[in-house]
Structures are given as C-alpha cells and as structure tokens.
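A.B. asks:
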C-alpha cells in the first residue's frame, strides 16, 4: 500500500470536533477532544465513535457506561486544544470551562452549542481506537442554531493547515 496515498485519502474524511466527557461517580472525571464520530441509526438513535484505547477518557467511559458528546462551535478552537491533554476539575470548572451535570452524570460544557448524552451499547475492541456504539438518551441545545446545524460545528480543518488527526 502506498502509505502517503492512504494518509492523504483518510485525511479527506471531514471530522467535526467534540469533547467527550464522562464521570464514574468515584472522583474520576475525564474529558477529551475526539473527532471519529458519526450517527449510525435513527431508531433507536445511535452514535458510533472511536476512542483512543489507552486514554483516561476511554477508561472512565468504559467504567461508567455513559458519556456526553459536547459539540464544539466554530468559535471554540481554544476548547478543542484545551481537551487535547488530560482534563482537570479545579474551582468547579473542567479544564477551565464551566459545566453542569447531565442525566447520565456526565459533565456538560455550558458554552458548547449542543451536547448529547449517551449510554454505551457495545464496544468493539480493535485497533488503537476502540469503537463505541452508544444510544442517545438526552440532547441539549445551549444556544440557538441558525442555518444548517452541521455548519455550526467546529471541524478539524478549522484548527489550521498543520493540525491533522487520522491517516
């Protein structure tokens, strides 16, 4: 296989940016910027995501069986970068960002335009990112969305010409 062609072709897949959050109720709160996400069913509403298998967010998600996907808006590049490193809860904030707790116990970023809360249905443990299939159990809109909802989502390409993930 031509490795350069593979890398380029895989990087052509458009990726939105999300902050996955989870709280196991035992003092372990995790958050991570992720981008391998897609809706995979209407009924029941399912999402499928790839989560780095050796990450703290994956371990908390696996332990609790629930998480939230906080959808980042076009103006939230700072939030995307903030959650590229392990999250910390300090002063009632998650990595410096205000949050509330959702019905699943997962932190919900107040400034994210939207969030969905999910319960894990299945995990496929293959590769360096495990595939998580989860049912959407709650949805939140924190601010009005005008125009196409997908146009309001921060995408990997919005972070600059030298920021890539995948390939």
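Residue numbers (the numbering used here): 290 to 456. Glycine is no exception: its CB is placed at the ideal position from the N, C-alpha and C atoms. Note that this is a predicted model, so its numbers are computed, not measured.
Once you ignore the five residues that flank residue 334 on each side, which residues in its own chain have a CB closer than 8 Å to its CB?
C.D. replies: Excluding residues within five positions, the ones whose Cβ falls inside 8 Å are 328, 424, 425.
A.B. asks: With distances taken from CA atoms, which of 430, 452, 330 is nearest residue 361?
C.D. replies: Looking at the Cα atoms, 430 is the closest of the given residues.
A.B. asks: With a threshold of 16 other CB atoms inside 10 Å of the CB of residue 291, please say whether the residue is buried or exposed.
C.D. replies: Its Cβ having fewer than 16 others within 10 Å, residue 291 is exposed.
A.B. asks: Starting from the N-terminal side, write out each stretch of the alpha helix (DSSP H) that is 4 residues or longer and does not extend beyond the segment 302–370.
C.D. replies: Entirely contained in the segment 302–370, the alpha helix (DSSP H) runs reaching 4 residues are, in chain order, 345–353.
A.B. asks: Nearest-angstrom Cα distance between residue 438 and residue 314?
C.D. replies: If you take the alpha carbons of residue 438 and residue 314, they lie about 32 Å apart.
A.B. asks: Check the DSSP bridge columns for residue 397 and list the partner residues they point to.
C.D. replies: Looking at the DSSP assignment, residue 397 forms a beta bridge with 389.
A.B. asks: Do you know how far the Cα of residue 307 is from the Cα of residue 301?
C.D. replies: Straight-line Cα distance between these residues: approximately 18 Å.
A.B. asks: For the candidate residues 428, 396, 397, 366, whose alpha-carbon lies nearest to that of residue 443?
C.D. replies: When only C-alpha atoms are compared, the closest one is 366.
A.B. asks: What did DSSP end up calling residue 296 once you bin it into helix, strand or coil?
C.D. replies: DSSP places residue 296 in helix when its eight states are reduced to three.
A.B. asks: Rounded to a whole number of angstroms, what is the C-alpha to C-alpha distance between residue 358 and residue 294?
C.D. replies: In a straight line, the C-alpha of residue 358 is about 31 Å away from that of residue 294.
A.B. asks: Who does residue 424 pair with in a DSSP beta bridge?
C.D. replies: In the DSSP output, where bridge partners are listed per residue, residue 424 has 335, 408.
A.B. asks: Bridge partners of residue 403, per DSSP?
C.D. replies: 360, 430.
A.B. asks: For my contact list, residue 340 and residue 383 are in at a C-beta cut-off of 8 Å; report their separation, rounded to the angstrom.
C.D. replies: Wrong, their Cβ atoms sit about 18 Å apart, outside the cutoff.
A.B. asks: For a test of the three-state rule: what should DSSP assign to residue 443, helix, strand or coil?
C.D. replies: DSSP places residue 443 in coil when its eight states are reduced to three.
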